[in-house]
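Please read the structure below before turning to the comments.
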Amino acid sequence: MRAFEYVRADDIGAAVALVSGDPAAQYLAGGTTQVDLMLKDGILEPERVVDITRLPLRGITADDRTLRVGALTTMEELAADPTVAERLPFARTALLAGASTQLRNMATIGGNLLQRTRCRYFRDPGVPDCNKRTPSSGCAAITGAGARMHAILGAGETCIALHASDLCVPLVALDTVVRVRGTDGERRIPLTEFYLLPGDRPDLETVLRHGDLVTAIEIPLPPAAIRSGYLKVRDRASYEFALVSVAAALTVEDGTITEARLGLGGVGTIPWRARAAEQVLTGAPATVETYRAAAEAELRAPFTVPGTAFKPELARRTIVRALEELGGDRT
Amino acid sequence: MSQDSRNARAAQPAAGDAGTVRVTLTVNGADHELLIDSRVTLLDALRDELALTGTKKGCDQGACGACTVLVDGRRVLSCLTLAAQCDRRQVATIEGLSSDGRLHPLQEAFLRHDGFQCGYCTPGQIMSAVALLHEGRTGSDDEIREFMSGNICRCGAYPNIVAAIREVARQGAR
Ligand SMILES: Cc1cc2nc3c(=O)[nH]c(=O)nc-3n(C[C@H](O)[C@H](O)[C@H](O)COP(=O)(O)OP(=O)(O)OC[C@H]3O[C@@H](n4cnc5c(N)ncnc54)[C@H](O)[C@@H]3O)c2cc1C
Ligand code: SF4
Ligand code: FES
Ligand code: FES
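Those protein sequences? They're chains E and V, same order as listed. First residue of the first sequence: 1, per UniProt numbering; consecutive thereafter. First residue of the second sequence: 1, per UniProt numbering; consecutive thereafter.
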């Protein structure tokens with residue numbers, strides 16, 4: 001564990017300039033990923049750690065159409081927000097299904113978006129072959145026996161690491177926008193374009209440049225989300241990451257689905273927007289048959305290893321159950 | 001390091017020594033000025049610098065809850081918190097719970113209900129339960145279990161832990 005300089009940021013522009021200008025500097029928010037990977041696993045080795053937790057980026061504001069959440073708002077604070085409870089019930093469920101209260105009091109929304117994968121080979125410095133850590137070194141998870149918490153969508157021979165966030169699953173289904181401050185000012189990036197598939201560069205995870213600071217997210221408040229649910233399937237009842245999770249919002253009029261938004265967790269190398277399933281659902285009758293066809297469409301070409309061979313079927317069934325709970329069965 | 005930093009008031013950071021940081025921790029109401037390595041966690045600062053060993057180190061990696069303390073009234077994991085991040089924050093540990101030699105109602109209830117065997121997870125369980133009462137998440141046994149799930153007990157004292165918390169919640173004690 002390498003020594004580092006601790007810097008407490010008190011100005012947004014100065015923090016961005018400091019980290020942008022120093023390749024060996026990294027941001028620290030709630031620390032639940034960053035401190036873990038710096039001090040315990042020794043995977044991150046910054047020379048300078050810039051603590052952003054006292055920057056004025058905390059708090060939630062809402063108008064009729066959008067919820068604006070400062071990047072340093074904690075998961076517990078967002079879960080307690082009345083607009084989230086009323087207009088985005090699946091986001092509230094996803095938040096409270098994640099980690100533990102202690103971790104949710106620390107973990108920030110910006111950090112949740114940027115949390116690093118839980119792939120045990122990535123987190124074990126004794127494992128040399130990890131394309132995400134060391135480009136072109138191979139992937140220990142593909143051949144290893146321990147790939148259970150790994151991705152089957154957006155995955156390939158180079159990397160099957162999962163993006164393990166629960167919160168990002170409803171957020172990606174909602175077309176959330178990320179506000180980012182860089183040295184050249186502020187820009188807005190749709191969450192659906194924020195993450196990069198591993199491809200031949202698993203080490204590149206988002207479109208952010210070094211030093212870019214997430215300042216806020218903007219969550220749309222569509223009427224469809226009022227009827228929404230988050231279903232998380234996991235190895236124990238609480239305090240566990242998802243094997244598969246589904247965030248779904250449905251509007252059904254006279255037995256026909258008029259709007260469908262679907263996100264998947266526990267299966268994607270990035271928070272997964274299930275567009276193929278949404279296409280099948282929209283305009284179709286709200287029946288179990290439709291839900292099955294939607295699940296089938298999304299899981300048409302999964303990439304599995306022996307440890308994840310159970311996941312495509314689990315994902316199909318979880319999708320069907322989540323949709324049935326929301327839309328019922330009008331057969 | 002710890003010998004020097006106990007005398008942090010006298011010590012000055014060596015010029016250019018970027019790896020140290022000066023922190024004022026308010027622990028159970030008392031201020032402590034520390035000059036510590038930037039890498040020191042709140043857990044290690046409490047245990048090694050301030051000799052407050054009631055807060056336990058279980059996994060040291062965010063997975064067990066043994067290190068739970070309150071920072072500004074909210075429960076957090078001290079093993080994943082840098083001490084430097086807590087400068088001028090209010091830290092509450094198990095040592096500060098009793099007053100005038102009287103145990104906190106939760107401490108008494110844990111005794112009465114055998115809420116522990118080896119006792120290693122207990123300070124974390126109790127600090128978590130103190131926060132749980134303030135959060136108002138004691139409406140049912142299921143709710144208590146769900147919102148105490150961040151505290152693991154290897155001895156499996158869970159039923160008695162839930163019973164202790166339920167009793168204090170019903171009495172309305174804080
Ligand atoms: C035991 C355990 C269980 C967990 N279980 C779950 C779970 O079930 N579901 C779930 O969704 N999550 C879970 N998590 C993950 C947790 O939610 C994330 O670690 C957390 O959200 C990260 O937020 P943070 O503020 O602690 O970020 P940090 O750890 O401080 O930072 C994370 C990364 O993001 C960067 N960063 C942080 N903020 C910004 C910003 N504003 N701009 C630019 N870069 C930034 C940091 O440099 C770092 O690289 C779990 C974590 C642990 C340790
Ligand atoms: S799955 Fe990705 S992160 Fe895990 S070992 Fe393979 S390359 Fe590394
Ligand atoms: S010691 Fe902190 S969670 Fe286990
Ligand atoms: S009493 Fe032994 S770990 Fe809980």
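Glycine residues also receive a C-beta, built at the ideal position from the N, C-alpha and C atoms. None of these values were measured; they are calculated from a predicted model.
Handout entry: Proximal residues of chain V, C-beta to C-beta of F122 of chain E below 7 Å
Key = Taking a Cβ-Cβ cut-off of 7 Å, F122 of chain E has no neighbours in chain V, whose nearest Cβ is about 15 Å from it.
Exercise for the section: Kindly indicate the opening and closing residues of the beta strand (DSSP E) around E298 of chain E. Expected result: No beta strand (DSSP E) contains E298 of chain E, which is instead part of the alpha helix (DSSP H) from V288 to E298.
Exercise for the section: Note down, in chain order, every chain C residue with its Cβ under 7 Å from the Cβ of E146 of chain V. Expected result: Among the protein chains in the structure shown, which are E and V, there is no chain C.
Problem - Distance, E49 of chain V Cα to A91 of chain E Cα - result: Taking the straight line from one Cα to the other gives about 41 Å.
Exercise for the section: Count the other CB atoms, across all protein chains shown, that sit within 10 Å of the CB of C155 of chain V; report buried if there are 16 or more and exposed otherwise. Expected result: Burial is judged here by how many other beta carbons sit within 10 angstroms of a residue's own beta carbon; C155 of chain V has fewer than 16 and is exposed.
Problem - A163 of chain V beta carbon less than 8 Å from that of H113 of chain V - result: Going by C-beta atoms, H113 of chain V is nearer than 8 Å to A163 of chain V.
Problem - chain V contact for V35 of chain E (CB, 8 Å cutoff) - result: For V35 of chain E, the nearest beta carbon of chain V is closer than 8 Å to its own beta carbon.
Exercise for the section: Report the partner residues of H32 of chain V according to the DSSP bridge assignment. Expected result: H32 of chain V is bridged to V:L25.
Handout entry: Below-8 Å beta-carbon distance, F4 of chain E vs any chain V residue
Key = Taking 8 Å as the CB threshold, F4 of chain E lines the interface with chain V.
Problem - Reduced DSSP secondary structure (H/G/I, E/B, other) of A18 of chain V - result: DSSP places A18 of chain V in coil when its eight states are reduced to three.
Exercise for the section: Please state whether DSSP places V16 of chain E in a helix, a strand or coil. Expected result: Three-state result, V16 of chain E: helix.
Problem - Any residue whose CB is nearer than 6 Å to a heavy atom belonging to ligand 3, listed in chain order - result: The set, ordered by position in the chain, is V:K57, V:G58, V:C59, V:D60, V:G62, V:A63, V:C64, V:G65, V:A66, V:C67, V:L77 and V:C79.
Handout entry: Partners in chain E for R22 of chain V, counting only beta-carbon separations shorter than 9 Å
Key = What R22 of chain V touches in chain E: nothing, since even the nearest Cβ is about 10 Å away.
Practice task
Check whether the Cβ atoms of T108 of chain E and T73 of chain E sit closer than 8 Å, and answer yes or no.
Solution key: Result yes, Cβ atoms of T108 of chain E and T73 of chain E sit closer than 8 Å.
Exercise for the section: Measure the C-alpha to C-alpha separation of V21 of chain V and D87 of chain V and round it to an integer number of angstroms. Expected result: Cα-Cα distance, rounded: 10 Å.
Problem - Interface flag, G62 of chain V vs chain E, CB-CB below 8 Å - result: True, the Cβ-Cβ gap to chain E drops below 8 Å.
Handout entry: Interface residues of chain V facing D22 of chain E [CB-CB closer than 8 Å]
Key = Listed along chain V, no residue sits closer than 8 Å to D22 of chain E by beta-carbon distance, the nearest being about 12 Å off.
Practice task
Answer with yes or no whether the minimum CB distance from G150 of chain V to chain E is below 8 Å.
Solution key: Taking 8 Å as the threshold, the shortest C-beta distance from G150 of chain V to chain E falls below it.
Practice task
Determine, using beta carbons only, whether L18 of chain E comes closer than 8 Å to chain V.
Solution key: No - not a single Cβ of chain V is within 8 Å of the one on L18 of chain E.
Practice task
Answer yes or no: does any C-beta atom of chain V fall closer than 8 Å to that of N112 of chain E?
Solution key: N112 of chain E does not count as touching chain V.
Problem - 8 Å Cβ cutoff met for S137 of chain E and D129 of chain E - result: Yes, the Cβ-Cβ distance between S137 of chain E and D129 of chain E is below 8 Å.
Practice task
Examine ligand 1 and report whether any of its heavy atoms sits within less than 7 Å of the Cβ of M38 of chain E.
Solution key: No - ligand 1 has no heavy atom lying nearer than 7 Å to the Cβ of M38 of chain E.
Problem - Bounding residues of the beta strand (DSSP E) (the contiguous stretch that carries Q90 of chain V) - result: According to the DSSP assignment, Q90 of chain V belongs to the beta strand (DSSP E) that extends over Q90 to A92.
Handout entry: chain V contact for K232 of chain E (CB, 8 Å cutoff)
Key = It does not: the Cβ of K232 of chain E has no partner Cβ on chain V nearer than 8 Å.
Handout entry: Cβ-heavy atom distance, L262 of chain E to ligand 5, below 7 Å
Key = The ligand content of the structure shown is limited to ligand 1, ligand 2, ligand 3 and ligand 4, which means ligand 5 is not among them.
Exercise for the section: Please look up how many angstroms separate the CB atoms of L44 of chain E and L37 of chain E, rounded, as I've assumed it's under 8 Å. Expected result: The beta-carbon distance between L44 of chain E and L37 of chain E, rounded to whole angstroms, is 4 Å. This is short enough to meet the 8 Å contact definition.
Practice task
Report yes or no: do the stretch 173-183 of chain E and the stretch 229-246 of chain E share at least 3 C-beta pairs separated by less than 8 Å?
Solution key: Touching, no, given that fewer than three Cβ pairs across the two stretches are closer than 8 Å.
Practice task
Report yes if the C-beta of F303 of chain E is less than 7 Å from at least one heavy atom of ligand 2; otherwise report no.
Solution key: Every heavy atom of ligand 2 is 7 Å or more from the Cβ of F303 of chain E, so no.
Practice task
Tell me, please, whether the stretch 141-153 of chain E touches the stretch 100-116 of chain V by the rule of three or more beta-carbon pairs shorter than 8 Å.
Solution key: Cβ pair count under 8 Å is below three, so no.
Handout entry: Option in E:L88, E:D166 and E:M75 with minimal Cα separation from L103 of chain E
Key = Cα-wise, what sits closest to L103 of chain E is E:M75.
Practice task
Leaving aside the five residues before and after A276 of chain E along the sequence, list all residues of the same chain whose C-beta is less than 6 Å from its C-beta, in chain order.
Solution key: Counting only Cβ-Cβ distances below 6 Å, and skipping sequence neighbours, we find A297 and E298.
Exercise for the section: Report the rounded CA-to-CA distance for L221 of chain E versus N160 of chain V, giving the unit in angstroms. Expected result: Roughly 43 Å between the two C-alpha positions.
Practice task
Using the Cα positions of E108 of chain V and V168 of chain V, report the straight-line distance between them to the nearest angstrom.
Solution key: In this structure, the straight-line span from the alpha carbon of E108 of chain V to that of V168 of chain V is close to 9 Å.
Problem - Listed by chain order, chain E residues near G19 of chain V by CB distance under 8 Å - result: Per Cβ cutoff of 8 Å: A3, F4 and E5.
Practice task
At 7 Å on the CB atoms, spell out the chain E contacts of R140 of chain V, in chain order.
Solution key: The residue you asked about is not Arg; residue 140 of chain V is Ser in the sequence shown. Those do not exist, as S140 of chain V stays about 14 Å from chain E at its closest Cβ, beyond 7 Å.
Exercise for the section: Report yes if the C-beta of F110 of chain V is less than 7 Å from at least one heavy atom of ligand 4; otherwise report no. Expected result: No - ligand 4 has no heavy atom lying nearer than 7 Å to the Cβ of F110 of chain V.
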